[in-house]
Structure formats: structure tokens, C-alpha cells
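Undergrad:
Number of protein chains: 2
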Amino acid sequence: MNIGQAASSSGISAKRIRYYEQIGLIGPAARSAAGYRTYSERDLNTLLFVRRSRQLGFAIAEISTLLSLWQDRNRSSEDVKQLALSHVARLRNKIEELQSIVTTLQDLADHCGGDARPDCPILAELQGSKS
Amino acid sequence: MNIGQAASSSGISAKRIRYYEQIGLIGPAARSAAGYRTYSERDLNTLLFVRRSRQLGFAIAEISTLLSLWQDRNRSSEDVKQLALSHVARLRNKIEELQSIVTTLQDLADHCGGDARPDCPILAELQGSKS
DNA sequence: CTTGACCTTACCACCATGGGAAGGTGTAGG
DNA sequence: CCTACACCTTCCCATGGTGGTAAGGTCAAG
Numbered sequence: 387m388n389i390g391q392a393a394s395s396s397g398i399s400a401k402r403i404r405y406y407e408q409i410g411l412i413g414p415a416a417r418s419a420a421g422y423r424t425y426s427e428r429d430l431n432t433l434l435f436v437r438r439s440r441q442l443g444f445a446i447a448e449i450s451t452l453l454s455l456w457q458d459r460n461r462s463s464e465d466v467k468q469l470a471l472s473h474v475a476r477l478r479n480k481i482e483e484l485q486s487i488v489t490t491l492q493d494l495a496d497h498c499g500g501d502a503r504p505d506c507p508i509l510a511e512l513q514g515s516k517s
Numbered sequence: 387m388n389i390g391q392a393a394s395s396s397g398i399s400a401k402r403i404r405y406y407e408q409i410g411l412i413g414p415a416a417r418s419a420a421g422y423r424t425y426s427e428r429d430l431n432t433l434l435f436v437r438r439s440r441q442l443g444f445a446i447a448e449i450s451t452l453l454s455l456w457q458d459r460n461r462s463s464e465d466v467k468q469l470a471l472s473h474v475a476r477l478r479n480k481i482e483e484l485q486s487i488v489t490t491l492q493d494l495a496d497h498c499g500g501d502a503r504p505d506c507p508i509l510a511e512l513q514g515s516k517s
């Protein structure tokens, strides 16, 4: 299977596949006589694993670890769980941060006339006026 | 006031201030005879405005718009409100997305032994096993 | 005059991805 | 066989923000 086929089957663009290979996230693909990258079913499974990991928001470096664990029959599920939980913790922090911004901004917007007049508590807040 | 002073007063690193100037987010600073950037109180207010906007998660391009509106006495608060609300909507989407990931991942982690054995529903999910 | 803190520009790096150019390859139809 | 056209290759550039660092100029105090 060429890279285009692998891309559409895995849902990862050809561009990204090459990038993942370049940075060593996935091993170098086999090559045809003409130099075309060739992908096996096994390679495809790896790509799908990577894609699902990305969808769950893992960073490339984490996926690299996950891939090692995945391919290691002597892994301990503890390591995987630990990685997942620390990712979850990070996400929860991010959510809280965004939530607090949303609350602030929504509140400001609620008190903004939203008409043709220039007065606006949003700008006032950004300006830092402590009125 | 030199850039170092402006940086520590505004909470934006000198590096970032130069970057903001370079991309045109803020106007070019006045220069001393020796070529040092010089900042007035007014400039400092702008920097603080930018910093607060960043803290609320606005992208640079949006801050550019906010700055124009801020400096436009004939602005309509509608424009500001609209910008804020569309930002809020984007944030809400992002939060939902992250929340869904957290739920999934926490659930998987809950069902992972987290011991020395290799069995792990997290990896199974990433692998795509539909069992 | 020296020292040290500050400033300048200019470059490289990160993460993850998209775009595009310039050129080779593979295949199908005329 | 030739021509299209789809696909592949590598290479460079861009994004958004930021940090780092190097090579050099400036300023104030001692």
C-alpha cells in the first residue's frame, strides 16, 4: 500500500505520516524500487493507534511512549495508567482555566449593551479601569 | 522608559514586546538617540491592554481588532460584544471537546488495573479493538 | 577606564501541520 | 508509443507565540 492509501485508510494525511516518520515517532517505511513508501497492515495498525492517541489529545512525545508500551509485552499497565492520568490532570487544569475565562467574559458581555454606543465594560476591563 | 522597565511594568517580556511591534500589533516604539526603544505611560497602557487580552485567551489577530476598537471613540459596543461572544463560543467548544476526552480517558483509566500486569483497556482502546 | 547592566538585531528552536514547487513514477487510453 | 493524469519524492516556507543565544553597541557608576 502506498502512502496515499495509508493516509486515507488511517485518517492521517500523507504529510503527517512523513512527518511522523521524520521525527522518529514511527519507524521508516519500507520502500518500493522507485522509492515509494510502502505500508503493511501492521504499519496501518500503528498509524491508527497514533491517530486515536492524537484524538485523545496526547502529545507526540507521549504517543511515542504509548507506542513503546503498546509494543512491549512486558509492560506494566501501571505505566500506561499513570501516563493517562497525568494527561487527564493536565486537561482538567486546562478546562478549569478556560472555564474561568468563559465565566469572566460571558459576564462582561452580559453587561455590555451591544448597541451602537461605544460604552463597553469589556474594553473597560481590558483597559484595567478599576472603577 | 526603556524596554526592560516597560517589560517588568507590563508583565510582557521584552522579547514579546519586540515581537508584537514586529508583527504590527503595537505601533513602533519611539527611539532614543542611541536607538533604544522608549515607552510612555500611554504605551504602557497599551501593553497592559494587550496583556489582559492575552490572559483572556484572545488570539493576536483578535487583540489587534480589540485595540482598534479601544482606540476608536466612534466604536459600537456591539462589535466588541460580538467579538467577545464568538470567542466565548469557541472556548465553550474547546471545553466540551476536552471534557469529552477527560471522560473517556478517566473511564478507561478507572478500568485499568494499574499494576505490573500488561493488560490495559487504555491500550486496547487505542489499538481499536472493538471487543 | 573598566565593569556590569542594559539595549540592539539576527538567527535557531519548539510543536504540529499545511502549502507548494520541482521533479520522478505508474497507469490508462488514444 | 505518447500523452495525460494521478501519485509519489524531497525541499523549503508559513503559521503562533515564545524562549534562547550570540555578537555587538550604550549607559551609568565607581
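Protein sequence lines correspond, in order, to chains A and B.
Just so we're on the same page, this note's numbering is the position in the first sequence counted from 1, plus 386.
Just so we're on the same page, this note's numbering is the position in the second sequence counted from 1, plus 386.
Ideal Cβ placement from N, Cα and C applies to all residues, glycine included.
No experiment lies behind these values; they were computed from the predicted model shown.
How big is the Cα-Cα spacing for Ala392 of chain A and Leu430 of chain A?
TA: Here residue 392 of chain A is taken as the residue at index 6 of the first sequence, counted from 1. Here residue 430 of chain A is taken as the residue at index 44 of the first sequence, counted from 1. Taking the straight line from one Cα to the other gives about 7 Å.
Undergrad: Can you list, in chain order, the residues of its chain whose CB lies under 8 Å from that of Gly390 of chain A, leaving out five sequence neighbours each side?
TA: Position 4 of the first sequence holds residue 390 of chain A. Around Gly390 of chain A: Ala400.
Undergrad: Have a look at B:Gly500, B:Thr424, B:Thr432 and flag the residue whose alpha-carbon is nearest the alpha-carbon of Gln468 of chain A.
TA: Working through the first sequence from its first residue, we reach residue 468 of chain A at position 82. Checked all of B:Gly500, B:Thr424, B:Thr432; the closest Cα to Gln468 of chain A is B:Gly500.
Undergrad: For Lys516 of chain A, which three-state DSSP category applies?
TA: Taking the first residue of the first sequence as 1, we reach residue 516 of chain A at position 130. Low local confidence applies: a pLDDT of 49 at Lys516 of chain A is under 50, so the model's placement there is unreliable, and no value is given.
Undergrad: Kindly list the residues whose CB is nearer than 7 Å to the CB of Ala415 of chain B, restricted to its own chain and excluding five residues on each side of it in sequence; keep chain order.
TA: Here residue 415 of chain B refers to the residue found at position 29 of the second sequence. If we look at Ala415 of chain B and ignore the five residues flanking it on each side, its Cβ neighbours are Glu407, Arg423, Thr424, Tyr425, Asp429.
Undergrad: How big is the Cα-Cα spacing for Ile412 of chain A and Thr432 of chain A?
TA: Position 26 of the first sequence, counted from the first residue, corresponds to residue 412 of chain A. Position 46 of the first sequence, counted from the first residue, corresponds to residue 432 of chain A. Computed Cα separation, rounded: 8 Å.
Undergrad: Any Cβ of chain A within less than 8 Å of the Cβ of Thr424 of chain B?
TA: Residue mapping note: residue 424 of chain B aligns to position 38 of the second sequence, counting from 1. So no, Thr424 of chain B is outside the interface.
Undergrad: So, for Ser450 of chain B: in the same chain, excluding its five sequence neighbours on each side, which residues have a beta-carbon less than 7 Å away from its beta-carbon?
TA: Taking the first residue of the second sequence as position 1, residue 450 of chain B is located at position 64. The residues are Leu411.
Undergrad: Would you say the beta carbon of Arg437 of chain B is closer than 7 Å to some non-hydrogen atom of the ligand SAM?
TA: Although the ligand SAM was asked about, the structure shown includes no ligands whatsoever.
Undergrad: Could you check where the alpha helix (DSSP H) with His497 of chain A kicks off and where it finishes?
TA: Here residue 497 of chain A refers to the residue found at position 111 when the first sequence is read from its first residue. Per DSSP, His497 of chain A belongs to no alpha helix (DSSP H) and is neither H nor E.
Undergrad: If you check the beta carbons only, do Val488 of chain B and Leu452 of chain A fall under 8 Å apart?
TA: Residue 488 of chain B sits at position 102 when you count from the first residue of the second sequence. Residue 452 of chain A sits at position 66 when you count from the first residue of the first sequence. No; because the gap between Cβ atoms is not below 8 Å, this pair is not in contact.
Undergrad: Tell me, please, which residues DSSP counts as bridged to Thr432 of chain B.
TA: In the second sequence, the residue the question calls residue 432 of chain B occupies position 46. DSSP lists no partner for Thr432 of chain B.
Undergrad: Is the CB of Asn460 of chain A under 8 Å away from at least one CB in chain B?
TA: Taking the first residue of the first sequence as 1, we reach residue 460 of chain A at position 74. Answer yes: the Cβ-Cβ gap between Asn460 of chain A and chain B drops below 8 Å somewhere.
Undergrad: How big is the Cα-Cα spacing for Asn460 of chain B and Arg440 of chain B?
TA: On the second sequence, position 74 is the one that residue 460 of chain B refers to. On the second sequence, position 54 is the one that residue 440 of chain B refers to. Spanning the two alpha carbons is a distance of roughly 24 Å.
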